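Written out below as structure tokens is the structure these notes cover.
Protein chains in written order, with our numbering: chain A, 101 to 391; chain B, 14 to 390.
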């Protein structure tokens with residue numbers, strides 16, 4: 101099992117003919133992901149390495165039965181691309197794009213809530229279920245199938261954690277990059293609930309950072325309802341207040357959203373919090389043994 | 014991007030928010046001329062991007078043009094919380110009867126723009142939130158409906174505003190919301206929104222922060238950027254697509270990925286060192302970008318050692334190595350480097366650096382410990 105992506109994923113790549121889209125499509129196909137279509141408005145009729153390209157997502161879904169979309173489209177066009185995918189009938193949209201204006205995402209998210217389509221991202225590396233499907237830009241070869249679910253706001257920081265786990269022989273059920281923006285499609289809470297319901301997942305790693313209150317909301321759920329053990333890590337203990345630390349959502353505003361508060365909330369919920377990224381794997385090993 | 018008070022008020026004014034008809038000046042003589050034209054009393058206000066200007070002596074009332082010139086002479090050139098005052102705003106003084114807070118901000122948890130109001134105007138809203146949170150009332154705004162008039166009226170009632178002010182308050186609130194949306198703000202505040210002695214409502218101070226991600230569609234706002242108020246290296250970094258924040262430690266770091274860059278700063282601190290900066294070179298960085306990043310780090314005189322932590326997915330370790338060598342050749346750093354390259358093309362990358370007299374490490378913890386011990390020697 102797994103969550104969100106897997107053997108049943110039929111993927112349409114929006115932005116497939118662009119440089120990013122084309123490169124990552126090749127990587128995803130090489131990993132074994134079932135990429136059934138691509139969309140670039142105006143380029144319908146051609147193909148990219150044998151994958152048919154369409155002008156609209158609606159046509160792609162009609163002709164190929166795509167159920168998941170991944171978006172490699174520049175920030176100024178990405179909100180439209182997300183909405184198009186939702187209206188075209190895909191169940192899941194994964195948006196890699198960084199730099200989308202926040203107010204656009206307020207609108208997009210509001211619309212997606214009304215039509216019940218799930219979004220992961222934006223500004224995220226995507227989702228991977230090792231051994232089944234890679235829907236994103238993460239390096240597939242560092243992952244291996246196993247019992248640990250991972251949900252993270254970061255990209256390369258997640259890879260560190262995955263790599264350390266794989267080196268210890270501990271595999272991953274699904275790794276979900278929820279992204280670094282302030283308004284996102286899938287939160288920590290959403291992912292934790294999915295992992296709690298997933299038979300393959302035995303433990304969960306939560307990788308957060310400064311900004312917002314999502315880690316705290318996750319901590320409440322972990323404390324009151326989650327039965328599976330969680331290991332956490334929060335980046336940004338040394339971040340100064342008021343500064344955007346790379347990610348649009350990584351900012352301590354009005355004293356709120358500090359790493360210290362998040363770490364305290366997680367610890368109070370019984371989460372083992374690593375002091376640095378490589379310690380995550382040690383703690384996971386510990387909690388898995390302790391079961 | 015932060016806007017000055019005068020810039021924010023100008024924008025609010027365009028959306029129907031009554032604001033004082035002030036003018037900006039850069040010399041005391043100009044201030045005097047403005048005061049003569051405008052009539053006195055006037056308020057001379059430092060235009061710097063910090064809070065608490067009044068308490069720090071950056072806002073002064075002047076009753077005559079001569080006095081206006083005097084106070085301007087003191088305020089211009091003043092160091093206000095680390096920033097030098099280069100401009101002042103001269104506003105006609107307002108007879109303040111009462112002060113309200115009115116602001117709009119994006120609430121991440123609700124995923125909405127919210128409008129907040131408080132009868133505790135003229136005070137730092139964060140202080141009010143800390144001491145008397147019940148004095149702040151909020152409405153969440155549906156992005157499809159916009160701010161509804163009844164929502165503005167509810168705010169007015171909730172802060173105990175006299176009924177005669179419901180209409181003008183609603184006009185201000187609607188204008189503020191429209192300004193927020195059309196400027197792609199992340200914050201827009203009027204504090205205080207004043208009721209004058211003769212019953213007029215006027216926005217005496219204004220603040221706006223515009224979403225950096227949206228500047229591409231607001232070239233006119235981008236032009237308002239106060240480059241003098243920004244760290245020159247942060248500006249330089251932005252040109253290259255690098256995220257950089259200067260800190261005050263002695264260990265420079267260069268990393269790919271914002272979360273990993275923060276974690277790298279943290280682990281340096283964990284092992285007893287102090288990070289000199291946050292720096293994310295982004296994904297798939299070229300040698301040119303890497304070289305630019307290192308030049309920026311090495312321009313900081315506090316830097317005594319540099320830690321490079323690259324986990325290459327799309328980013329190629331050999332490309333990073335080339336950038337490092339190019340930078341070293343150009344800048345000829347006097348400080349030691351600890352390099353940890355892992356991932357795509359890691360062997361090529363490590364080979365390229367083998368002759369370059371660099372300390373290497375396999376894990377992040379090892380790299381952090383090595384760089385800290387170098388500095389402590």
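From the three backbone atoms N, C-alpha and C, an ideal C-beta is built for every residue, glycine too.
These numbers were taken from a predicted model, which means no experiment stands behind them.
For residue 266 of chain B, the uninterrupted beta strand (DSSP E) segment begins and ends at 264–268. Contact of residue 377 of chain B with chain A by beta-carbon distance below 8 Å involves 260, 376, 377 and 378.
DSSP lists B:125 as the beta-bridge partner residues of residue 120 of chain B. Burial state of residue 233 of chain B is exposed, judged by a 10 Å Cβ sphere holding fewer than 16 other Cβ atoms. Interface flag for residue 343 of chain A against chain B is set, since a Cβ pair is found closer than 8 Å. Residue 300 of chain B and residue 293 of chain A have their C-alpha atoms spaced approximately 42 Å apart. Counting only runs of 4 or more residues that sit fully inside the stretch 132–211 of chain A, the alpha helix (DSSP H) segments are 157–164 and 178–188, in chain order.
With the criterion set as a beta carbon lying under 7 Å from some beta carbon of chain A, the members of the stretch 260–294 of chain B are 260, 269, 270, 271, 272, 273, 274, 275, 276, 278, 279, 280, 282, 283, 288, 291 and 293, in sequence order.
Across the structure, residue 271 of chain A and residue 124 of chain A are spaced so that their CA atoms are roughly 23 Å apart. A Cβ of chain A is located within less than 8 Å of the beta carbon of residue 324 of chain B.
Among the residues facing chain A, residue 111 of chain B is not included, as its CB has no counterpart in that chain under 8 Å away. In this structure, residue 32 of chain B keeps its C-beta atom at 8 Å or more from the C-beta atom of residue 149 of chain B. Non-local beta-carbon contacts of residue 229 of chain A in its own chain, meaning distances under 6 Å to residues more than five positions away in sequence, involve 102, 105, 106 and 274 in chain order. Against chain B, the CB of residue 207 of chain A has a partner CB under 8 Å away; the residue lies at that interface. Looking from the CA of residue 109 of chain B, the closest CA among B:275, B:117, B:92 and B:134 belongs to B:134. Judged by DSSP secondary structure, residue 293 of chain B falls within the beta strand (DSSP E) whose first and last residues are 290–293. Where residue 214 of chain B is concerned, the enclosing beta strand (DSSP E) starts and stops at 214–216. Looking at A:222, A:268 and A:128, the one whose alpha-carbon comes closest to that of residue 381 of chain A is A:268. When beta bridges are read from the DSSP output, residue 218 of chain A appears opposite A:192.
Residues of chain B whose Cβ lies closer than 8 Å to the Cβ of residue 200 of chain A are, in chain order, 226.
Among the bridge pairs identified by DSSP, residue 104 of chain B is matched with B:56. Using beta-carbon distances, residue 294 of chain A does not count as an interface residue toward chain B, since no partner is under 8 Å. Counting of Cβ neighbours within 10 angstroms places residue 164 of chain B among the buried residues, the total reaching 16 or more.
Note: residue 352 of chain B is bridge-paired with B:321 and B:373 in the DSSP secondary-structure output. A direct Cα-Cα distance of roughly 15 Å separates residue 179 of chain A from residue 192 of chain A.
Closest by C-alpha distance to residue 184 of chain A, out of A:151, A:201 and A:159, is A:159. Sixteen is the threshold: since fewer than 16 other Cβ atoms of the shown chains lie within 10 Å of the Cβ of residue 145 of chain B, the residue is exposed.
With a beta-carbon spacing of about 6 Å, residue 197 of chain B and residue 223 of chain B fall inside the 8 Å limit used to define contacts. Where residue 233 of chain A is concerned, the enclosing beta strand (DSSP E) starts and stops at 233–236. Residue 199 of chain B sits in a strand when the DSSP states are folded into three classes.
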